[in-house]
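Quick note: the sequence shown uses UniProt numbering, first residue 1, plus one each step. Accompanying notes for the structure given below.
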Amino acid sequence: MENYQVGDLVYVKTKDTQYRGIVMPSLEEDMLVIKMENGYNVGISKERIVSIEKIDRGETPRYKKVGITPKRREDLKNISILSTGGTVASRVDYNTGAVHPAFTAEDLISTFPELLEIGNISARPLMNILSENVLPLHWKRIAEEIKKEVDRGAEGVVITHGTDTMHYTAAALSFMLDTNIPVVLVGAQRSSDRPSSDAPLNLISAVIAASEPIKGVYVVMHGESGDTFTYLHEGVKVRKCHTSRRDAFRSINTIPLAKIYPTSGRIEYLRDVDRLEGEDPKVEINTNLEEKVALIKIYPGIDGEIINYYIDRGYRGILLEGTGLGHAPEAIFPNIRYALDSGLLVAMASQCINGRVNMNVYSNGRKLLELGVIPCEDMHPEVALVKMMYLLGNYPLEEAKRLLTVNLKGEIKKSTRFDCY
């Protein structure tokens, strides 16, 4: 194959089709990414490539750092932005295909000058990882770096994150952090080199939220298909609910905390929130997590041996993602009993996502309760899983069982609002 580099215009022939476009940077060594003439990026497995013809040589990347030194303003809060990957804050050189992370404060302000009027911005990268590759060890590192930022004087922290598993990270940080400042996770559904990108509005909105006198962990993402407002979601009540829409994130079993209008900088609270004034920023972290916890989806014909698999490998907890109000087939009851007798914490969330687990309605659910399965109230499965990891990492089994149904960080609501679904 002909030698090529980022920015070159190439013609790629695969085993079943062909592509023409500009070579783009790729995070995977075995993938070739090109930007086609229609503006979309396509990833091609190098194993499928038959030939690559270089049509035109790319230009040398021309991006230069912008000589802007943001001045600190006493009337604005100190906001730290930490990058874990994704395309929320990056710029593309369309002539060369080069992608330049905008992760110095100077770069961010050059790309998003609106930030100058919102906060005193500092920024740095933590890692560059696809969110589907994020592990609990990454959650721990993010928590530790947040504490470092607060110790340095940050009054709000923004975490840029890939969208696929952002709600897992938000839940983990919610349980691991005890803080009186806002920690806001933000992502983008559309890459920054597309006209329909949601990155600018989402990031600006996240910094607005991080400047508010609120505490806890939140997610900010688009609130509609247009560009009018974003939503501020609680980190323990949010979930990605669509593969590609810009308003993919939804608050589950509650409504969003607020609407943010990034153009005007206005924030409209939709629920009551404890507002903090005059407190010095602080954060304490507890990164103890039990990673040997499994999430098992119930389906017709499920083989109970899957439960035995985790028991025999030393797992300490199993979260069942049950049907309806929290059910599982009687055929796997012996396996569930084996798990409980083996000292595992076994709990039940609903694969319906919306609604509350109620195992007292039907005989099947009552039998599971009698076995010792714990209902997870109105937590959606991902939050229940992360909470189980946190509890088993910090408490004896019986205390972990008790705390699973106790509201710790807003993950359990006493009642479900009718207008949240």
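No residue lacks a Cβ here, since even glycine has one placed at the ideal position from N, Cα and C. It should be emphasised that the depicted structure is a prediction, and the values quoted were computed from it without experimental measurement.
Using the DSSP secondary-structure output, state which residues sit across from Lys46 in a beta bridge.
For Lys46, which the question treats as bridged, DSSP gives no partner whatsoever.
Buried or exposed: which applies to Ile214, given that a residue is buried once 16 or more other Cβ atoms fall within 10 Å of its Cβ?
Under this definition Ile214 is a buried residue.
Buried or exposed: which applies to Val361, given that a residue is buried once 16 or more other Cβ atoms fall within 10 Å of its Cβ?
Exposed is the call here.
For Tyr4 and Ile44, which I take to be in contact (beta-carbon distance under 8 Å), what is that distance rounded to the nearest angstrom?
The Cβ separation is near 13 Å, so there is no contact.
Who are Asp178's beta bridge partners in DSSP?
Asp178 is bridged to Glu284.
Measuring straight from C-alpha to C-alpha, what distance separates Ser80 and Ser205?
Their backbone Cα atoms lie some 14 Å apart in a straight line.
Taking only runs of the alpha helix (DSSP H) that begin and end inside the stretch 118-159, which ones reach a length of at least 4 residues, in chain order?
Within the stretch 118-159, the complete alpha helix (DSSP H) runs of at least 4 residues are 136-151.
Scan the stretch 178-231 and note each continuous alpha helix (DSSP H) run of 4 residues or more that stays entirely inside, going in chain order.
The stretch 178-231 contains these whole alpha helix (DSSP H) runs: 199-210.
When the Cα atoms are used, what is the spatial distance from Pro25 to Val12?
Computed Cα separation, rounded: 16 Å.
Can you tell me whether Ser244 is buried or exposed? The criterion is at least 16 other CB atoms within 10 Å of its CB, across all chains shown.
Its Cβ having fewer than 16 others within 10 Å, Ser244 is exposed.
Whole angstroms is fine: what's the gap from Leu344's alpha carbon to Lys413's?
Cα to Cα, the separation comes out at about 26 Å.
Would you say Gly223 and Ala170 are within 7 Å of each other, going by their C-beta atoms?
No; because the gap between Cβ atoms is not below 7 Å, this pair is not in contact.
Residues bridged to Tyr11 by DSSP?
Paired residue(s): Arg20, Glu53.
Using the beta-carbon count (16 or more within 10 Å), is Lys297 buried or exposed?
Exposed, because fewer than 16 other Cβ atoms sit within 10 Å of the Cβ of Lys297.
Between the C-alpha atoms of Ser174 and Ile208, what's the straight-line distance to the nearest angstrom?
Their Cα atoms are separated by approximately 20 Å.
Let me check understanding here. Comparing Cα to Cα, which of Asn354, Thr405, Glu114, Tyr390 lies closest to Thr254?
Closest option to Thr254, Cα to Cα, is Asn354.
Kindly list the residues whose CB is nearer than 6 Å to the CB of Leu76, restricted to its own chain and excluding five residues on each side of it in sequence; keep chain order.
Cβ neighbours of Leu76 beyond the five flanking positions: Gly119, Asn120.
Let me know the secondary structure DSSP gives Phe418 once reduced to three states.
Residue state, collapsed to three classes: helix.
CB-CB under 8 Å to Leu270, same chain, minus the five flanking residues each way: which ones, in chain order?
Answer for Leu270: Ile255, Pro256, Leu257, Ala258, Lys259, listed in chain order.
What residue from Val150, Val6, Lys292 has the CA that sits closest to Leu32's CA?
Answer by Cα proximity: Val6.
Please classify Thr230 as buried or exposed, where buried requires at least 16 neighbouring CB atoms within 10 angstroms.
With 16 or more other Cβ atoms within 10 Å, it is buried.
Taking only the alpha-carbon atoms, compute the straight-line gap between Val183 and His233 and give it to the nearest angstrom.
Taking the straight line from one Cα to the other gives about 12 Å.
Which of the three DSSP states, helix, strand or coil, is assigned to Pro375?
Three-state result, Pro375: strand.
Apart from the five residues on each side of it in sequence, which residues of its chain come closer than 7 Å, Cβ to Cβ, to Glu284?
The answer, listed in chain order, is Asp178.
For the beta strand (DSSP E) that Lys77 lies in, which residues bound it at each end?
Segment 77-83, the beta strand (DSSP E) holding Lys77.
Taking only three categories from DSSP, how would you classify Ile252?
Correct three-state label for Ile252: coil.
Output yes or no for whether 7 Å exceeds the beta carbon distance between Leu185 and Leu126.
No; because the gap between Cβ atoms is not below 7 Å, this pair is not in contact.
Among residues of its own chain, excluding the 5 on either side of Glu132, which ones have a beta-carbon nearer than 7 Å to its beta-carbon?
Correct list, in chain order: Asp164, Thr165.
So Leu319 and Ala347 are supposed to be a Cβ contact under 8 Å. How far apart are they, rounded?
That belief holds up - the Cβ atoms of Leu319 and Ala347 are roughly 5 Å apart, short of 8 Å.
Once DSSP output is grouped into helix, strand and coil, what is the label at Thr405?
Thr405 falls in the coil class under three-state DSSP.
Under the rule that 16 or more other beta-carbon atoms within 10 Å means buried, what is Ala154, buried or exposed?
Buried, by the Cβ-count rule.
Work out the CA separation of Glu305 and Ala328 for me, nearest whole Å.
C-alpha separation (whole angstroms): 14 Å.
Taking only the alpha-carbon atoms, compute the straight-line gap between Asn286 and Ala349 and give it to the nearest angstrom.
Cα-Cα distance, rounded: 25 Å.
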